[in-house]
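Engineer:
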Amino acid sequence: MITLKLNGQDHPLDVTEDMPLLWAIRDVAGYNGTKFGCGMGLCGACTIHIDGAPARSCITPIGSVVGQNVTTIDNLHADPVGQIVQQAWLDTAVAQCGYCQGGQIMSATALLKTNPNPSDEQIEEAMVGNICRCGTYNRIKTAIRQASTHLKEAKA
Amino acid sequence: MSRLPNDFALSNLSRRGFLKGVGATGALVLAASWGWQDALAEDKPKQFGADGMPNGWIDDPKVYVSIAADGTVTVVCNRSEMGQGVRTSLTMVVADELEADWAHVKVQQAPGDEVRFGNQDTDGSRSMRHWYEPMRRCGAAARTMLEQAAAAQWKVPVGECRAQLHKVIHTPSGRELGYGELAAAASALTVPARDSLRLKQPSEFRYIGKEGTKAIDGADIVNGRAVYGADVHFDGMLFAVIARPAVYGGKVKSVDDSAALKVPGVLKVIQIEPRPLPSEFQPLGGVAVVASNTWAALKGREALKIEWDDGPNATYDSVAYRKEIEAASLKPGKVVRNTGDIDKAIGSAASTLEASYYLPHLAQAPMEPMVAIARYKDGTCEAWAPSQAPQVTRERIAERLGLPFDNVTFNVTLLGGGFGRKSKPDFVVEAAVLAKEFPGKAVRVQWTREDDIHNSYFHTVSAEYLKAGVGKDGLPSAWLHRTVAPSITALFAPGMNHEAAFELGMGFTNMAYAIPNVRLENPEATVHTRVGWYRSVSNIPHGFAIQSFVDELAHKAKEDPLKYQIKLLGPDRQIDPRTLSEEWNYGESPERYPIDTGRMRTVLETAAKAAGWGRQLPKGRGLGLAVHYSFVTYVAAVIEVEVKDDGTLIVHKADIAVDCGPQINPERIRSQFEGACVMGLGNAVWGEISFKDGKVQQDNFHMYEVARMSLAPKEVAVHLVTPPGEVPLGGVGEPGVPPIAPALCNAIFAATGQRIRNLPVRYQLQGWQKAQA
Numbered sequence: 001m002i003t004l005k006l007n008g009q010d011h012p013l014d015v016t017e018d019m020p021l022l023w024a025i026r027d028v029a030g031y032n033g034t035k036f037g038c039g040m041g042l043c044g045a046c047t048i049h050i051d052g053a054p055a056r057s058c059i060t061p062i063g064s065v066v067g068q069n070v071t072t073i074d075n076l077h078a079d080p081v082g083q084i085v086q087q088a089w090l091d092t093a094v095a096q097c098g099y100c101q102g103g104q105i106m107s108a109t110a111l112l113k114t115n116p117n118p119s120d121e122q123i124e125e126a127m128v129g130n131i132c133r134c135g136t137y138n139r140i141k142t143a144i145r146q147a148s149t150h151l152k153e154a155k156a
Numbered sequence: 001m002s003r004l005p006n007d008f009a010l011s012n013l014s015r016r017g018f019l020k021g022v023g024a025t026g027a028l029v030l031a032a033s034w035g036w037q038d039a040l041a042e043d044k045p046k047q048f049g050a051d052g053m054p055n056g057w058i059d060d061p062k063v064y065v066s067i068a069a070d071g072t073v074t075v076v077c078n079r080s081e082m083g084q085g086v087r088t089s090l091t092m093v094v095a096d097e098l099e100a101d102w103a104h105v106k107v108q109q110a111p112g113d114e115v116r117f118g119n120q121d122t123d124g125s126r127s128m129r130h131w132y133e134p135m136r137r138c139g140a141a142a143r144t145m146l147e148q149a150a151a152a153q154w155k156v157p158v159g160e161c162r163a164q165l166h167k168v169i170h171t172p173s174g175r176e177l178g179y180g181e182l183a184a185a186a187s188a189l190t191v192p193a194r195d196s197l198r199l200k201q202p203s204e205f206r207y208i209g210k211e212g213t214k215a216i217d218g219a220d221i222v223n224g225r226a227v228y229g230a231d232v233h234f235d236g237m238l239f240a241v242i243a244r245p246a247v248y249g250g251k252v253k254s255v256d257d258s259a260a261l262k263v264p265g266v267l268k269v270i271q272i273e274p275r276p277l278p279s280e281f282q283p284l285g286g287v288a289v290v291a292s293n294t295w296a297a298l299k300g301r302e303a304l305k306i307e308w309d310d311g312p313n314a315t316y317d318s319v320a321y322r323k324e325i326e327a328a329s330l331k332p333g334k335v336v337r338n339t340g341d342i343d344k345a346i347g348s349a350a351s352t353l354e355a356s357y358y359l360p361h362l363a364q365a366p367m368e369p370m371v372a373i374a375r376y377k378d379g380t381c382e383a384w385a386p387s388q389a390p391q392v393t394r395e396r397i398a399e400r401l402g403l404p405f406d407n408v409t410f411n412v413t414l415l416g417g418g419f420g421r422k423s424k425p426d427f428v429v430e431a432a433v434l435a436k437e438f439p440g441k442a443v444r445v446q447w448t449r450e451d452d453i454h455n456s457y458f459h460t461v462s463a464e465y466l467k468a469g470v471g472k473d474g475l476p477s478a479w480l481h482r483t484v485a486p487s488i489t490a491l492f493a494p495g496m497n498h499e500a501a502f503e504l505g506m507g508f509t510n511m512a513y514a515i516p517n518v519r520l521e522n523p524e525a526t527v528h529t530r531v532g533w534y535r536s537v538s539n540i541p542h543g544f545a546i547q548s549f550v551d552e553l554a555h556k557a558k559e560d561p562l563k564y565q566i567k568l569l570g571p572d573r574q575i576d577p578r579t580l581s582e583e584w585n586y587g588e589s590p591e592r593y594p595i596d597t598g599r600m601r602t603v604l605e606t607a608a609k610a611a612g613w614g615r616q617l618p619k620g621r622g623l624g625l626a627v628h629y630s631f632v633t634y635v636a637a638v639i640e641v642e643v644k645d646d647g648t649l650i651v652h653k654a655d656i657a658v659d660c661g662p663q664i665n666p667e668r669i670r671s672q673f674e675g676a677c678v679m680g681l682g683n684a685v686w687g688e689i690s691f692k693d694g695k696v697q698q699d700n701f702h703m704y705e706v707a708r709m710s711l712a713p714k715e716v717a718v719h720l721v722t723p724p725g726e727v728p729l730g731g732v733g734e735p736g737v738p739p740i741a742p743a744l745c746n747a748i749f750a751a752t753g754q755r756i757r758n759l760p761v762r763y764q765l766q767g768w769q770k771a772q773a
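Those protein sequence lines, which keep their order, are chains A and B. Residue numbering for the first sequence is 1 to 156, as defined by the UniProt record's numbering. Residue numbering for the second sequence is 1 to 773, as defined by the UniProt record's numbering.
1. Go ahead and label B/L165 buried or exposed: buried means 16 or more other beta carbons lie within 10 angstroms of its beta carbon, across all protein chains shown.
2. Just checking: is the beta-carbon of B/F239 within a distance shorter than 8 Å of some beta-carbon in chain A?
3. Where does B/G148 land, buried or exposed, given buried means 16+ other C-beta within 10 angstroms?
4. Suppose contacts are defined by Cβ-Cβ distances below 8 Å. Is B/R621 in contact with B/A751 by that definition?
5. DSSP three-state call for B/Q153: helix, strand or coil?
6. Look up B/Y465 in the DSSP assignment and give the residues it is bridged to.
7. Taking B/A637 as the reference, which of B/A243, B/N407 and B/G680 has the closest Cα?
8. Below 7 Å on C-beta distance, what does B/R708 contact in chain A?
9. Name the residues in the segment 3-30 of chain A whose C-beta lies less than 9 Å from a C-beta of chain E; which are they?
10. Given that B/F701 touches chain A, what residues does it touch there, using C-beta distances under 7 Å?
11. Buried or exposed: where does A/N115 fall if 16 or more other Cβ atoms within 10 Å of its Cβ makes it buried?
12. Using beta carbons (cut-off 8 Å, strictly below), is A/N32 in contact with chain B?
13. By the 10 Å Cβ neighbour count, where 16 or more other Cβ atoms means buried, how is B/Q391 classified, buried or exposed?
14. Looking at C-alpha atoms only, which residue of B/L569, B/R535 and B/T526 is the closest neighbour of B/Q547?
15. Determine whether the Cβ of B/T633 lies closer than 8 Å to any Cβ atom of chain A.
16. Is B/P541 helix, strand or coil when you go by DSSP?
17. Nearest to B/V550 by CA position, among B/W57, B/A355 and B/G647, is which residue?
18. Considering only the alpha carbon of each residue, which of B/P577, B/M237 and B/E326 lies closest to B/F438?
19. Leaving out the 5 sequence neighbours to the left and right, which residues in its chain are closer than 6 Å to A/I59 when beta-carbon positions are compared?
20. Mind checking who B/Y228 pairs with in its DSSP beta bridge?
21. When the Cα of A/Q87 is compared with those of B/S387, B/I221 and B/G112, which residue comes out closest?
22. Out of B/E503, B/T171 and B/S187, which one is the CA nearest neighbour of B/M145?
23. Give me the Cβ distance between B/A607 and B/I656, rounded to the nearest whole Å; I'm assuming they're in contact under 8 Å.
24. How many angstroms separate the CA atom of B/D560 from the CA atom of B/E674?
25. When you compare the CB positions of B/P594 and B/I566, do they come within less than 8 Å of one another, or not?
26. Are B/Y534 and B/E368 closer than 8 Å when you measure CB to CB?
27. Output yes or no for whether 8 Å exceeds the beta carbon distance between B/N683 and B/L415.
28. Determine the DSSP secondary structure at B/V86, reduced to helix, strand or coil.
29. What is the DSSP secondary structure of B/F631, reduced to helix, strand or coil?
30. Just mark B/G21 as buried or exposed, buried being the case when its beta carbon has 16 or more other beta carbons within 10 Å.
31. Am I right that A/G98 and B/A226 are in contact with their C-beta atoms under 8 Å? What's the rounded C-beta distance?
32. Compare the C-beta of B/W295 with all C-beta atoms of chain A and state if any pair is closer than 8 Å.
33. Suppose you measure from the CA of B/V732 to the CA of B/A150; what does that come to, to the nearest Å?
34. If you count every other CB in all the chains shown that lies within 10 Å of the CB of B/P571, and 16 or more means buried, which is it?
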């Protein structure tokens with residue numbers, strides 16, 4: 001039994017230590033927002049936050065995060081920065097199929113938390129690991145710029 | 001999910017039974033919708049558009065619209081949502097004619113049931129063009145019934161009652177009744193006759209053609225609440241992964257599952273039988289590991305020891321195959337269009353130009369890998385999956401499990417991308433087969449990305465050869481084009497070595513340039529893997545070859561490519577596709593959908609103007625142009641590219657001009673063309689699936705690379721062109737892809753002088769400056 005601190009709650013899970021967080025979160029803890037895309041950390045659909053930092057849950061064994069706070073897209077609305085990013089995504093009508101967008105939003109939120117005013121190059125650098133097969137990258141950039149503006153306004 | 005009356009299912013089976021008698025194993029359902037019905041039903045008058053689709057269309061508001069006592073309007077969406085926005089756009093159409101307030105409108109996804117809902121195959125860029133009119137009538141009929149119900153309650157003539165924004169108003173007295181208050185009475189009324197309906201004038205539209213309607217699933221998506229295939233969860237559910245043959249047609253010789261069964265959580269190992277080739281939409285077979293969670297199933301699969309018999313396709317090798325189809329492209333083949341006398345014209349031409357182009361296989365690789373859930377109990381099966389073809393899925397499950405059609409229920413989830421891969425229900429049938437082994441339990445089959453890339457239904461591979469006889473004016477008097485590519489129809493029957501009419505009709509036989517002597521040929525190509533629909537399908541190779549070659553001709557003539565294109569199009573005219581030997585025409589009527597060279601010219605000029613065509617650019621930068629007509633929509637693209645010293649590309653801008661006829665949801669149209677541009681760039685720059693010893697050589701996104709943010713244009717602008725006069729709707733989902741690769745490669749040529757004739761571009765530009773010097 002491993003206790004996972006997930007979305008602000010302790011979840012005792014009957015899993016082996018080597019199980020990737022992705023499957024523990026989805027199959028066992030029952031949060032569905034985190035998506036499986038590649039299983040090798042190549043596409044970013046499974047991006048979560050571990051103590052606020054972005055991580056690929058498909059290649060992170062659950063045993064390695066005991067005691068750390070894991071946040072998924074399912075609970076991002078509780079995060080003020082996350083909320084602003086989600087709103088920017090809606091205002092920009094970013095999503096097409098939407099499958100990768102949870103991961104995109106998690107990566108974007110992590111970027112804006114460490115760098116509230118990223119340049120276009122910094123946005124690309126932070127987001128290049130997140131694949132969107134529908135090709136929504138231009139709107140993702142627009143949404144991140146909008147969220148950045150709103151963050152500044154919120155602070156002012 | 002409610003079960004249907006038996007007669008519905010029986011009438012359905014008999015229709016499909018007809019197909020079964022004719023050809024390959026009753027496997028022609030999707031094929032029929034793509035144009036095979038012409039060969040099967042010669043005695044029937046040809047039907048077009050939605051009329052020509054299996055199970056046609058339905059416009060009954062009692063099927064599609066319900067209104068609750070609180071006024072909530074629920075619209076059923078019969079098409080699958082995969083990012084094109086169809087759940088929003090079709091609902092907008094109903095809501096508009098219904099005079100509904102968008103704030104009180106919901107959408108409900110239809111299960112697979114075409115007798116009730118009409119055709120549900122979400123493919124061919126035709127959801128809006130086939131369903132716009134039936135959905136308008138649904139909305140208008142429901143609106144009329146609400147007005148009638150109000151008139152009856154007030155005991156006034158219905159002509160004095162007018163529906164407006166979720167209520168009916170009695171105009172003379174100003175009395176009002178809300179839709180919720182009228183719903184019960186209205187639903188008891190007879191649906192008004194089709195020809196009695198008053199459809200709105202465009203000036204009255206509230207949502208159709210307007211900006212600002214938010215995507216109906218938007219909030220669920222950004223909160224992680226949207227339900228895709230793998231998000232369907234049942235208590236006590238079992239999780240399976242399958243080891244499939246790596247070679248098409250391979251079989252299990254022996255399997256040792258002792259180590260797999262020792263993995264904690266693994267419950268059972270089950271062998272799945274393949275269908276004899278061709279495999280159609282049935283599973284490839286293999287060995288399934290069923291476990292209590294996905295991770296245990298994956299570890300169990302790793303522990304399997306399987307010996308395979310690779311079968312007849314074990315020698316499929318992309319290097320050798322390329323030589324084979326390139327050689328075939330240099331020899332005469334089956335003539336599919338012949339105008340004038342090309343030999344004579346080439347013989348007397350001032351000069352000639354020839355070029356060969358090659359495009360490899362691609363995999364759709366939607367972000368959501370294949371996944372399906374099924375539950376079997378007491379001779380019934382219910383399944384859930386992200387599917388573009390719900391009816392076909394239901395049929396295949398029934399066939400495979402030997403169940404009556406109406407004992408199978410199929411529910412459609414959101415699709416995490418489709419691009420044609422999810423038109424094939426092999427993965428859902430796998431779940432149904434496994435579920436039968438565990439009666440009463442839900443079983444989920446999860447494909448990994450490796451499974452997806454190894455066992456896709458691949459985009460075709462093709463060799464394209466072109467030769468032109470060029471006059472003193474620089475224009476071609478003769479045009480010879482050969483296309484050699486394995487056909488999708490080989491999925492359904494053996495010996496299908498030529499492209500079908502629906503493949504040739506994608507930008508090949510319907511080539512519309514004003515050239516007096518034209519011969520188009522399709523030499524044979526054998527098929528060694530599953531070839532299937534991939535967004536834009538055969539338009540990708542045909543469009544790339546033709547638009548690259550036209551650019552080469554312009555360069556040879558020392559002409560500006562835009563001016564050359566317009567000369568080559570000739571005077572504005574409407575061409576009956578049948579005069580080009582094109583009978584397919586995307587299933588649409590040739591009278592209603594002629595090929596309009598004026599609309600082609602307009603999109604070219606629009607894209608060129610927006611891009612500042614003709615302006616001077618620094619060294620290493622270039623503008624490239626391409627135009628392509630597909631899915632009865634006209635699209636031109638201008639791409640501005642920079643080729644760095646090391647050969648890497650920066651796409652600075654893409655200007656896409658689109659004439660898709662009337663625009664129902666302009667915002668979603670723009671998003672589709674933005675996305676198609678990015679996907680087209682990925683196809684062109686990185687996309688390649690290759691085979692060796694019959695096996696796909698790529699495993700995951702590090703080997704099968706797709707467009708990332710770094711390849712996306714720094715700026716992309718979609719320019720929606722207002723069509724001239726009254727024209728019907730065109731397609732949106734697919735026509736954005738074909739012009740992108742040639743526009744990019746034409747831009748690369750403008751920037752570097754290096755012509756890219758073989759895709760992907762990948763590292764071909766390394767050292768371009770040396771080559772130039």
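The beta carbon of each residue, even a glycine, is placed where N, CA and C say it ideally should be. Since the structure is predicted, the reported quantities are computational estimates derived from the model, not experimental observations.
Structural biologist: Reading it off the structure:
1. On the second sequence, residue 165 of chain B is found 165 positions in, with the first residue counted as 1. Answer is exposed; the Cβ neighbour count stays below 16.
2. Here the question's residue 239 of chain B lines up with position 239 in the second sequence. So yes, B/F239 belongs to the interface.
3. Here residue 148 of chain B corresponds to residue number 148 of the second sequence, with the count starting at 1. Checking the displayed sequence, the identity of residue 148 of chain B turns out to be Gln instead of Gly. B/Q148 should be labelled buried.
4. Counted from its first residue, the second sequence places residue 621 of chain B at position 621. Counted from its first residue, the second sequence places residue 751 of chain B at position 751. Yes.
5. Numbered from 1 along the second sequence, position 153 holds the residue referred to as residue 153 of chain B. Residue state, collapsed to three classes: helix.
6. As a working mapping, residue 465 of chain B is identified with position 465 in the second sequence. B/S356 and B/R482.
7. Taking the first residue of the second sequence as 1, we reach residue 637 of chain B at position 637. The shortest Cα separation from B/A637 among B/A243, B/N407 and B/G680 belongs to B/G680.
8. The residue you call residue 708 of chain B lines up with position 708 of the second sequence. Under a criterion of Cβ atoms nearer than 7 Å, the residues of chain A adjacent to B/R708 are, in order, V128 and I131.
9. This model lacks chain E altogether; the protein chains it does include are A and B.
10. Indexing the second sequence from 1 puts residue 701 of chain B at position 701. Chain-order list of chain A residues neighbouring B/F701: C38, L42, C43 and I131, by C-beta distance under 7 Å.
11. For the purposes of this step, residue 115 of chain A is taken as residue 115 along the first sequence, with counting starting at 1. Sixteen is the threshold: since fewer than 16 other Cβ atoms of the shown chains lie within 10 Å of the Cβ of A/N115, the residue is exposed.
12. The residue labelled residue 32 of chain A in the question sits at position 32 within the first sequence. Yes, A/N32 counts as interfacial toward chain B.
13. In the second sequence, counting from the first residue as 1, residue 391 of chain B sits at position 391. Under this definition B/Q391 is a buried residue.
14. Translated into the one-based positions of the second sequence, residue 547 of chain B becomes position 547. Closest by alpha carbon: B/L569.
15. Residue numbering aside, residue 633 of chain B sits at position 633 when the second sequence is read from its first letter. With 8 Å as the cut-off, B/T633 does not count as an interface residue toward chain A.
16. Translated into the one-based positions of the second sequence, residue 541 of chain B becomes position 541. Looking at B/P541 - three-state DSSP - the assignment turns out to be helix.
17. Within the second sequence, residue 550 of chain B is the residue found at index 550, counting from 1. The candidate whose alpha carbon is nearest that of B/V550 is B/A355.
18. For the purposes of this step, residue 438 of chain B is taken as the residue at position 438 of the second sequence. It is B/M237 whose Cα lies nearest to the Cα of B/F438.
19. Indexing the first sequence from 1 puts residue 59 of chain A at position 59. Result list for A/I59: G41, in chain order.
20. Counted from its first residue, the second sequence places residue 228 of chain B at position 228. Partner(s): B/L414.
21. Here the question's residue 87 of chain A lines up with position 87 in the first sequence. Out of B/S387, B/I221 and B/G112, B/I221 has the C-alpha closest to the C-alpha of A/Q87.
22. Your numbering for residue 145 of chain B matches position 145 in the second sequence. Among B/E503, B/T171 and B/S187, the Cα nearest to that of B/M145 is on B/S187.
23. Here residue 607 of chain B refers to the residue found at position 607 when the second sequence is read from its first residue. Here residue 656 of chain B refers to the residue found at position 656 when the second sequence is read from its first residue. Right, the Cβ-Cβ distance comes to about 7 Å (below 8 Å), so this counts as a contact.
24. Within the second sequence, the letter at position 560 stands for residue 560 of chain B. Within the second sequence, the letter at position 674 stands for residue 674 of chain B. About 26 Å.
25. Within the second sequence, residue 594 of chain B is the residue found at index 594, counting from 1. Within the second sequence, residue 566 of chain B is the residue found at index 566, counting from 1. Going by C-beta atoms, B/P594 is not nearer than 8 Å to B/I566.
26. In the second sequence, the residue the question calls residue 534 of chain B occupies position 534. In the second sequence, the residue the question calls residue 368 of chain B occupies position 368. No. Outside cutoff.
27. Translated into the one-based positions of the second sequence, residue 683 of chain B becomes position 683. Translated into the one-based positions of the second sequence, residue 415 of chain B becomes position 415. For B/N683 and B/L415, no; Cβs fall outside 8 Å.
28. Against the second sequence, residue 86 of chain B aligns to sequence position 86. Looking at B/V86 - three-state DSSP - the assignment turns out to be helix.
29. The residue labelled residue 631 of chain B in the question sits at position 631 within the second sequence. Looking at B/F631 - three-state DSSP - the assignment turns out to be coil, as it is neither helix nor strand.
30. By one-based count along the second sequence, residue 21 of chain B stands at place 21. In this prediction, B/G21 has a pLDDT of 29, which is less than 50 and means its spatial position is unreliable; nothing more can be read from the coordinates.
31. By one-based count along the first sequence, residue 98 of chain A stands at place 98. By one-based count along the second sequence, residue 226 of chain B stands at place 226. The pair is a contact, with the Cβ atoms about 6 Å apart (cut-off 8 Å).
32. By one-based count along the second sequence, residue 295 of chain B stands at place 295. Yes, B/W295 lies at the interface with chain A (some Cβ there is under 8 Å from its Cβ).
33. Translated into the one-based positions of the second sequence, residue 732 of chain B becomes position 732. Translated into the one-based positions of the second sequence, residue 150 of chain B becomes position 150. Looking at the two C-alpha atoms, the distance is approximately 39 Å.
34. Position 571 of the second sequence, counted from the start, is the residue given in the question as residue 571 of chain B. The residue in question, B/P571, is exposed, as its Cβ has fewer than 16 Cβ neighbours within 10 Å.
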